[in-house]
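Novice: Protein sequences appear in the order of chains A and B.
Throughout, this note's numbering is defined as the position within the first sequence, counted from one, plus 13.
Throughout, this note's numbering is defined as the position within the second sequence, counted from one, plus 4.
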Amino acid sequence: MKITILRRLVQFGILALFIAGNIYGVKILQGSLSSSTLLNTINLSDPFAVLQLFLASFSVSSVAITGAFIVLIFYALIAPRAFCGWVCPVNILTDCGAFLRTKLKIGKNILNLSPNLRYYLLVLSLIFSAIFGIAAFESVSFVGGFTRGVVYLGSSAISIAVIIIAIETFVGKRLICAHICPLGAFYAIVSKFSLIRVKYNYDKCSKCFKCKVVCPEEKVLDIVGTKSGIISSECISCGKCVEVCNDDAINFSILKLGVNK
Amino acid sequence: MQRREAIKQGFSLVGLLAAGGFAYGEFASASPVLKLRPPGAMDEDKFLSLCIRCGICVDACPFHTLKLAQFRDGGIGMGTPFFKPREIPCYMCTDIPCAVKCPTGALDASSMMSDSKLDINKSRMGMAVVDDKTCIAYFGLRCDACYRNCPLIDKALKLEYKHNERTGKHAFLLPIVDTDVCTGCGKCEQSCITKKASITVVPREVIKGEMNDNYIKGWDEGDFDRIKNPDTKIKLNSKKSLNYLNDGDEL
Chain A
14 MKITILRRLV QFGILALFIA GNIYGVKILQ GSLSSSTLLN TINLSDPFAV LQLFLASFSV
74 SSVAITGAFI VLIFYALIAP RAFCGWVCPV NILTDCGAFL RTKLKIGKNI LNLSPNLRYY
134 LLVLSLIFSA IFGIAAFESV SFVGGFTRGV VYLGSSAISI AVIIIAIETF VGKRLICAHI
194 CPLGAFYAIV SKFSLIRVKY NYDKCSKCFK CKVVCPEEKV LDIVGTKSGI ISSECISCGK
254 CVEVCNDDAI NFSILKLGVN K
Chain B
5 MQRREAIKQG FSLVGLLAAG GFAYGEFASA SPVLKLRPPG AMDEDKFLSL CIRCGICVDA
65 CPFHTLKLAQ FRDGGIGMGT PFFKPREIPC YMCTDIPCAV KCPTGALDAS SMMSDSKLDI
125 NKSRMGMAVV DDKTCIAYFG LRCDACYRNC PLIDKALKLE YKHNERTGKH AFLLPIVDTD
185 VCTGCGKCEQ SCITKKASIT VVPREVIKGE MNDNYIKGWD EGDFDRIKNP DTKIKLNSKK
245 SLNYLNDGDE L
């Protein structure tokens, strides 16, 4: 339970810093998740958004590009998809939806999608950006829309939140983050060689499979019960499996170079 | 067991419809908004291709002029900045913080440079248009609210003096916009005293005309040089007018 509390603190803390910066003028973090200024000097930009802008216009300023590189390197080095699990506020909504789904005992998915869909959407949004000259995913992004709504107190955030929670509750299990979001797919690719990884130890495992029940991502815990190893970079590093494991078989560990798998 | 599943599915659909209806509410109440962009914004297509929708410009504006588009703002690009001059106009900061802080270059501060200094008067957010049927100055009443509030008084907004033929002894003081100079800050629109502003700022591309380049201003020095090397690729159909006259069909 500890990791989830810490995670929520980080998620809400970042939103609180943005609100403090945008509305009350506390200049620690200003802007929103797509681009922000840290301590009023360093620019941080969403690398996926900047990539789309670059394809759309071919004239993005160097400020945004360096900001994107800082963020890219940061997430590439630490835990896989740390953005999704620890920063993105949509994660709070999808967790809400998943909670409602178990409470209302809704088992069947109305819509079954392949988890690879997000990779197709990722490629599609890059292609559309280049063709139509407008950042394709950014213009419909529920991540950007919801975050902007929260940190600038915009009205659209409520509609977006209701829709996301409704989809997560009624349409399908973990549909948004694990199947649709191209930003998550982007960070999954970026995180291929990140250092902090979830490691599974077969010898300690008593095969209760509690971890597989709580895991928000399909298939990343497939190796549980078969062989020891490191979980794939599609893992959002939420640590739910680490919390729930009573056998100390799943843990965060630092990936040593050269010990891939 | 099957009945329970069916009830659950029905319940799910009702939940989804309720959520969808709730979210649609905001779309349905949307009212179209004029796309007045912050200073330094390039033409709409270029601006949209560069805006990352982060809201740093909104945050940088000390007068809370800029707003981020929500669903109810009617399709001007979700999350992109705009302003409504009747509510809060642009106060023309000399350091243009919104454009300077823009991380992606969607607001291009360098487009507003003159003599390597920032010059807000070079921004082109829109242009003001007077509705002479509702502007009370055209009734012969004395009102110069917009004129007095124009940051470029006598340059962007001038008063034209005209004799009032109806009374025979009064003057009209008519506000006239010079659209080459007007920045579109909207202070005129904000200060207009009529119920709905009689001077309105509109995006330039909406009403700005464009002249063919075969017209020469004889009084402009060097203007004739423009057609010294005319584009000869344009082929005019010399028979077109003859055919038009001879063709009975179109009469």
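Ideal placement from N, C-alpha and C gives every residue a C-beta, glycine not left out.
Using the beta-carbon of each residue, which ones in chain A are nearer than 9 angstroms to Arg57/B?
Specialist: Translated into the one-based positions of the second sequence, residue 57/B becomes position 53. Result: Ser45, Ser47, Ser48, Ala62, Ala148, Glu151, Ser152, Ser154, Gly157, Gly158 and Arg161.
Novice: So, under 8 angstroms CB-CB, Lys184/A and Leu20/B are touching, yes? Tell me the CB distance rounded to an integer number of Å.
Specialist: Translated into the one-based positions of the first sequence, residue 184/A becomes position 171. Translated into the one-based positions of the second sequence, residue 20/B becomes position 16. In the sequence under discussion, the amino acid at residue 184/A is Val, which differs from the Lys named in the question. Right, their Cβ atoms sit about 7 angstroms apart.
Novice: Where does Glu164/B sit, in a helix, a strand or coil, going by DSSP?
Specialist: Translated into positions along the second sequence, residue 164/B becomes position 160. Glu164/B: strand per DSSP, three-state reduction.
Novice: Among the residues of its own chain, which have a CB less than 7 angstroms from the CB of Arg161/A, if the five just before and after it don't count?
Specialist: Counting from one through the first sequence, the residue named residue 161/A turns up at place 148. If we look at Arg161/A and ignore the five residues flanking it on each side, its Cβ neighbours are Ser45 and Gly167.
Novice: Spell out the partners DSSP gives Leu177/B in its beta bridges.
Specialist: Position 173 of the second sequence holds residue 177/B. BP columns for Leu177/B point to Tyr165/B.
Novice: Under 7 angstroms between beta-carbons, which chain A residues line up against Ala23/B? List them in chain order, please.
Specialist: Your numbering for residue 23/B matches position 19 in the second sequence. Val175, Ile176 and Ala179, listed in chain order.
Novice: Under 8 angstroms Cβ-Cβ, which residues of chain A neighbour Thr108/B?
Specialist: Taking the second sequence and counting its residues from 1, one reaches residue 108/B at position 104. Those are Ser48, Ser58, Val63, Leu66, Val73, Ser74, Val76 and Ala77, listed as they occur along chain A.
Novice: So, at 6 angstroms on beta carbons, what are the nonlocal neighbours of Ile178/A in its own chain, with the 5 sequence-adjacent residues on each side left out?
Specialist: As a working note, residue 178/A is residue 165 in the first sequence. Same-chain partners within the cutoff: Leu106, Cys109 and Gly110.
Novice: Give, in chain order, every residue of the segment 63-92 of chain B whose Cβ lies closer than 7 angstroms to some Cβ of chain A.
Specialist: Under the 7 angstroms Cβ criterion, the segment 63-92 of chain B contributes Asp63, Leu72, Gln74, Phe75, Arg76, Gly81, Met82 and Gly83.
Novice: Need the endpoints of the alpha helix (DSSP H) that Ala179/A sits in, please.
Specialist: As a first step, residue 179/A is located in the first sequence; it is residue number 166 there, counting from the start. Its alpha helix (DSSP H) spans residues Ser169 to Ala179.
Novice: In angstroms with no decimal places, state the Cα-to-Cα distance between Asn241/B and Pro42/B.
Specialist: The residue given as residue 241/B occupies position 237 in the second sequence. The residue given as residue 42/B occupies position 38 in the second sequence. Using only the alpha carbons, I get a separation of about 45 angstroms.
Novice: Could you check where the alpha helix (DSSP H) with Tyr132/A kicks off and where it finishes?
Specialist: In the first sequence, counting from the first residue as 1, residue 132/A sits at position 119. Note, Tyr132/A: alpha helix (DSSP H), Leu130 to Phe145.
Novice: At least one CB of chain B closer than 8 angstroms to the CB of Asn35/A: is that the case?
Specialist: Position 22 of the first sequence, counted from the first residue, corresponds to residue 35/A. Output row for Asn35/A: interface = yes.
Novice: Helix or strand or just coil, what does DSSP make of Val134/B?
Specialist: Position 130 of the second sequence, counting from 1, holds the residue named residue 134/B. Of the three classes helix, strand and coil, the one that applies to Val134/B here is strand, per DSSP.
Novice: Hey, how far is the Cα of Gly188/B from the Cα of Ala149/B?
Specialist: Numbered from its first residue, the second sequence carries residue 188/B at position 184. Numbered from its first residue, the second sequence carries residue 149/B at position 145. The alpha-carbon atoms of Gly188/B and Ala149/B are separated by roughly 16 angstroms.
Novice: Considering only C-alpha positions, which residue in the set Glu214/B, Cys97/B and Thr108/B is nearest to Ser127/B?
Specialist: Taking the first residue of the second sequence as position 1, residue 127/B is located at position 123. Residue Cys97/B is the option with its Cα nearest to Ser127/B.
Novice: If I follow the unbroken beta strand (DSSP E) through Tyr142/B, where does it start and stop?
Specialist: The count along the second sequence starts at 1 and reaches residue 142/B at position 138. Element bounds for Tyr142/B: n/a, residue is neither H nor E.
Novice: Could you tell me which residues DSSP puts in a beta bridge with Leu30/A?
Specialist: As a first step, residue 30/A must be located in the first sequence, where it is residue number 17. Bridge partners of Leu30/A: none, in fact.
Novice: Can you tell me the Cα-Cα spacing of Gly120/A and Arg114/A, whole angstroms?
Specialist: Start at 1 with the first residue of the first sequence, and residue 120/A comes out as number 107. Start at 1 with the first residue of the first sequence, and residue 114/A comes out as number 101. One C-alpha to the other measures close to 8 angstroms.
Novice: CB-CB under 6 angstroms to Ile147/A, same chain, minus the five flanking residues each way: which ones, in chain order?
Specialist: Translated into the one-based positions of the first sequence, residue 147/A becomes position 134. If we look at Ile147/A and ignore the five residues flanking it on each side, its Cβ neighbours are Ala69.
Novice: Starting from Thr204/B, follow its DSSP beta bridges and name the residues at the other end.
Specialist: Here residue 204/B refers to the residue found at position 200 of the second sequence. The partner list for Thr204/B (beta bridge, DSSP) reads Val133/B.
Novice: Report back the beta-carbon spacing between Val84/A and Val156/A to the nearest angstrom; my notes put them in contact at under 8 angstroms.
Specialist: Position 71 of the first sequence, counted from the first residue, corresponds to residue 84/A. Position 143 of the first sequence, counted from the first residue, corresponds to residue 156/A. Between Val156/A and Val84/A the Cβ distance is about 14 angstroms, and since that is not below 8 angstroms, they are no contact.
Novice: Tell me whether the segment 201-210 of chain A and the segment 52-61 of chain B touch, counting them as touching only if at least three CB pairs, one residue from each stretch, are closer than 8 angstroms.
Specialist: Judged by Cβ distances under 8 angstroms, the segment 201-210 of chain A makes no contact with the segment 52-61 of chain B, as fewer than three pairs qualify.
Novice: Using a cut-off of 8 angstroms between C-beta atoms, extract the partners of Ala27/B located in chain A.
Specialist: Counting from one through the second sequence, the residue named residue 27/B turns up at place 23. Correct list: Ser172, Ile173, Val175 and Ile176.
Novice: Does the segment 220-230 of chain B touch the segment 188-199 of chain B, meaning 3 or more C-beta pairs lie closer than 8 angstroms?
Specialist: Contact between the segment 188-199 of chain B and the segment 220-230 of chain B is absent, because fewer than three Cβ pairs lie under 8 angstroms.
Novice: Enumerate in chain order the residues of its own chain whose CB-to-CB distance from Val104/B is below 8 angstroms, with the five nearest sequence positions on each side excluded.
Specialist: As a working note, residue 104/B is residue 100 in the second sequence. Contacts found: Ala64, Ala113 and Leu122.
Novice: For Ile100/B, which residues in chain A fall below 7 angstroms Cβ to Cβ?
Specialist: Taking the first residue of the second sequence as 1, we reach residue 100/B at position 96. The premise fails here: Ile100/B is roughly 15 angstroms from chain A at the closest Cβ pair, so nothing lies under 7 angstroms.
Novice: Taking the C-alpha atoms as reference points, what is the distance between Arg7/B and Glu181/A?
Specialist: On the second sequence, residue 7/B is found 3 positions in, with the first residue counted as 1. On the first sequence, residue 181/A is found 168 positions in, with the first residue counted as 1. Roughly 23 angstroms separates the two Cα atoms.
Novice: Could you say if the segment 16-36 of chain B and the segment 254-263 of chain A meet the contact criterion of at least three C-beta pairs nearer than 8 angstroms?
Specialist: Touching, no.
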